[in-house]
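One structure below.
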Amino acid sequence: MEASRSFAQRWTYAEFARLPDDGNRYEVIDGELQATPAPRPAHQALVGELTTRLTAFVRDHDLGWIVPGPVDVLFAEGDYLEPDLVFVRRERLQVVTERGIEGAPDLVVEVASPSTARADRGIKRERYARFGVPEYWVVDADTRSVEVYRMLVDPTHPEVVRDVLTWSPVPGGPALRIDVQDALKGFS
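Going by our numbering, the letters in the sequence shown line up with residues 783 to 970, in that order.
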């Protein structure tokens, strides 16, 4: 699979919004356009699995919205990312607009793939931390683990979860327990 390509130019949102729907995934990270090939079917199936699990929990407890990608997360001029999945708490739904998510989601999830893993753990993690995303997961089917970055505590050293991931999207609220091995079964 082809690696990400970077195109040197400062990109405005208007320019970004005019990019073609040509099967590539486009993001502008720190002012530079990044292009990666469309995700593989196993990648998208895993995004679907995670979306199903998180959506059921969020709906059952009326906590907000789970939005699977593709969805634009618009942080600032020159920073338009497209994560695999985001969660926005109910009391913050005003950041969800017709253009995308205009502000920091409460959770961002990226499923690592050969063409994105370096950026997911590097520049994208850095941007998510800079713009105030409180929790960030990098899901790695190959290592059968989830790297959980609690960005407000330590944005550089994740908790690597291989057994049970416990997610509490609202402080003091209900918690979802995900058996990581079960959730990632068949996706590597």
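All C-beta atoms, glycine included, are put in the ideal place defined by N, C-alpha and C. Fair warning: this is a prediction, and the values are worked out from it, not measured in the lab.
Per DSSP, threonine 818 is not a residue of any alpha helix (DSSP H); the beta strand (DSSP E) it occupies stretches across 814-818. The three-state reading of DSSP puts glutamate 864 in coil, since its state is none of H, G, I, E or B. Just so you know, the alpha carbons of glutamate 880 and arginine 932 end up roughly 28 Å apart. The C-beta of glutamate 797 has fewer than 16 other C-beta atoms within 10 Å across all chains shown, which makes the residue exposed.
DSSP lists Ser927 as the beta-bridge partner residues of aspartate 922. Every unbroken stretch of the alpha helix (DSSP H) spanning 4 or more residues and falling wholly within the region 896-967 is given here in chain order: 899-903, 905-912, 962-966. By the criterion of a C-beta distance shorter than 8 Å, arginine 926 is surrounded in its chain by Arg944, Val962, Gln963, Leu966, Ser970, once the five residues flanking it on both sides are discounted. Ranking Pro850, Ala799, Leu934 by CA distance to the CA of valine 893 puts Pro850 first.
Contact check for glycine 813 against phenylalanine 857 fails: the beta carbons are separated by 9 Å or more.
Alanine 827 sits in a helix when the DSSP states are folded into three classes.
Nearest to asparagine 806 by alpha-carbon distance, out of Ser897, Phe913, Val921, is Ser897. Contact check for leucine 947 against valine 930 passes: the beta carbons are separated by less than 9 Å.
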